[in-house]
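Following: one structure in structure tokens, then a few remarks.
Number of protein chains: 2
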Amino acid sequence: MMQQNTFQILADPTRFRIIEVLAAGEQAVGELVQAVDIDQSGVSRHLRILGEAGFVAMRPDGARRLYSLRPEPFQAIDDWVRTYRKLWESRLDRFEAALERRYARQGEEKQ
Amino acid sequence: MMQQNTFQILADPTRFRIIEVLAAGEQAVGELVQAVDIDQSGVSRHLRILGEAGFVAMRPDGARRLYSLRPEPFQAIDDWVRTYRKLWESRLDRFEAALERRYARQGEEKQ
DNA sequence: TGCATATGTATGATAATGCATATTCATGGT
DNA sequence: ACCATGAATATGCATTATCATACATATGCA
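As they're listed, the protein sequences go chains A and B.
Converting from the first sequence to our numbering requires adding 494 to each position, the first position being numbered 1.
Converting from the second sequence to our numbering requires adding 494 to each position, the first position being numbered 1.
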């Protein structure tokens with residue numbers, strides 16, 4: 495489910511950046527430190543917060559800790575924002591429209 | 495586009511609540527005040543913030559001000575989270591699957 | 001005059017940050 | 001096999017800045 499908490503996690507610029515970087519795949523703490531402009535201790539702290547909120551998973555690799563994104567919070571956001579789709583859709587949304595085009599194309603191929 | 499700012503707007507519990515209430519449709523300030531647990535002045539201030547961030551539009555109605563949701567920020571979030579769909583999809587997502595069921599049903603009806 | 005909403009000002013709480021230090025693990029020398 | 005050293009990461013503590021809030025007051029409209 496969507497806890498309002500989720501947005502508090504994303505509200506911090508450093509955490510947001512960390513998530514962007516993790517979108518490219520698993521990263522060690524040291525690599526994340528290079529991508530942001532705060533101290534290593536701050537990055538570790540943000541990773542703890544992200545972990546407790548379910549945004550990231552951790553996997554030890556020797557002395558290093560590899561962090562990666564977990565899908566659940568993003569799914570929750572996706573579900574939440576879907577509630578507001580009625581604001582910009584009459585009936586079919588863009589994604590649905592794209593799908594319909596795809597179905598049309600598949601139909602052509604099969605004939 | 496998606497400014498990281500967007501999540502800072504949603505991070506505040508009172509603003510989040512206001513948005514939830516506005517999802518039901520246009521509301522006057524006084525109506526919103528009843529839905530949250532802070533002072534009227536605070537609600538007005540949050541509405542200002544929401545307005546500057548593009549979340550709400552305002553329409554005067556006599557001495558009252560009617561506020562309503564604008565679609566753009568929600569579209570932006572929708573686009574943003576789509577980037578992270580790869581985290582939980584191999585190929586077909588749930589929405590697409592639902593659509594396929596719909597197409598299947600329509601096919602049945604037509605036969 | 002009275003109702004609805006906005007704003008100025010002060011206050012308090014929360015949370016991010018840096019620095020110093022602790023911890024955990026790997027490595028090389030003896 | 002053991003110990004010392006160094007690299008990678010986490011945590012305790014103090015500081016600082018930001019921001020939500022209330023109260024009082026101003027503004028606009030009936």
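Beta carbons: idealized from backbone N, C-alpha and C, even for Gly.
Just list the residues that DSSP pairs residue i with in beta bridges.
{"i": "Asp-573(A)", "result": "Answer by DSSP bridge pairing: none, since Asp-573(A) is not bridged."}
{"i": "Gln-521(A)", "result": "Tyr-561(A)"}
{"i": "Arg-553(A)", "result": "Leu-560(A)"}
Over what stretch of residues does the alpha helix (DSSP H) that includes residue i continue unbroken?
{"i": "Ala-505(B)", "result": "499-505"}
Determine the burial state of residue i: buried for a count of at least 16 other Cβ atoms within 10 Å of its Cβ, exposed for fewer.
{"i": "Arg-509(A)", "result": "buried"}
{"i": "Ile-532(B)", "result": "exposed"}
{"i": "Pro-554(A)", "result": "exposed"}
{"i": "Thr-577(A)", "result": "exposed"}
{"i": "Asp-572(A)", "result": "buried"}
{"i": "Gln-502(B)", "result": "buried"}
{"i": "Gln-605(B)", "result": "Residue confidence is low: Gln-605(B) scores 32 on pLDDT, short of 50, so the model does not pin down where it sits. Its coordinate-derived value is still stated next. Under this definition Gln-605(B) is an exposed residue."}
{"i": "Gln-534(A)", "result": "exposed"}
{"i": "Gln-528(B)", "result": "exposed"}
{"i": "Gln-497(B)", "result": "exposed"}
{"i": "Arg-599(B)", "result": "In this predicted model, Arg-599(B) has a pLDDT of only 49, less than 50, meaning its place in the structure is not dependable; the value taken from the coordinates is given anyway. Looking at its Cβ environment, which holds fewer than 16 other Cβ atoms inside 10 Å, Arg-599(B) is exposed."}
By the DSSP assignment, the beta strand (DSSP E) with residue i in it spans what residues?
{"i": "Leu-544(A)", "result": "No beta strand (DSSP E) holds Leu-544(A); the alpha helix (DSSP H) holding it covers 534-546."}
{"i": "Arg-579(B)", "result": "Arg-579(B) -> no beta strand (DSSP E), and no H or E assigned at all."}
Any heavy atom of the ligand ADP closer than 7 Å to the beta-carbon of residue i?
{"i": "Leu-526(B)", "result": "Within the structure as shown, the ligand ADP is missing, as the structure has no ligands at all."}
Comparing alpha-carbon positions, which option in the options lies nearest residue i?
{"i": "Glu-583(A)", "options": "Arg-576(B), Arg-564(B), Thr-577(B), Leu-544(B)", "result": "Arg-564(B)"}
{"i": "Glu-566(A)", "options": "Gly-545(A), Thr-577(A), Val-527(A), Glu-525(A)", "result": "Gly-545(A)"}
{"i": "Val-537(B)", "options": "Val-515(B), Gly-519(B), Lys-580(B)", "result": "Val-515(B)"}
{"i": "Pro-507(B)", "options": "Thr-500(A), Val-575(A), Ala-557(A)", "result": "Thr-500(A)"}
{"i": "Ala-568(A)", "options": "Lys-580(B), Met-552(B), Glu-520(B), Ile-512(B)", "result": "Note on residue identity: the sequence assigns Phe, not Ala, to residue 568(A). Checked all of Lys-580(B), Met-552(B), Glu-520(B), Ile-512(B); the closest Cα to Phe-568(A) is Lys-580(B)."}
{"i": "Ser-562(A)", "options": "Leu-504(A), Val-575(A), Leu-526(A)", "result": "Leu-526(A)"}
{"i": "Leu-556(A)", "options": "Ala-505(A), Ala-522(A), Ile-543(A)", "result": "Before going on, a small fix: residue 556(A) reads as Gly here, not Leu. The option with the nearest alpha carbon to Gly-556(A) is Ala-522(A)."}
{"i": "Ile-513(A)", "options": "Val-550(A), Arg-539(A), Arg-542(A)", "result": "Val-550(A)"}
{"i": "Leu-504(B)", "options": "Gly-548(B), Gly-519(B), Leu-560(B), Glu-520(B)", "result": "Gly-548(B)"}
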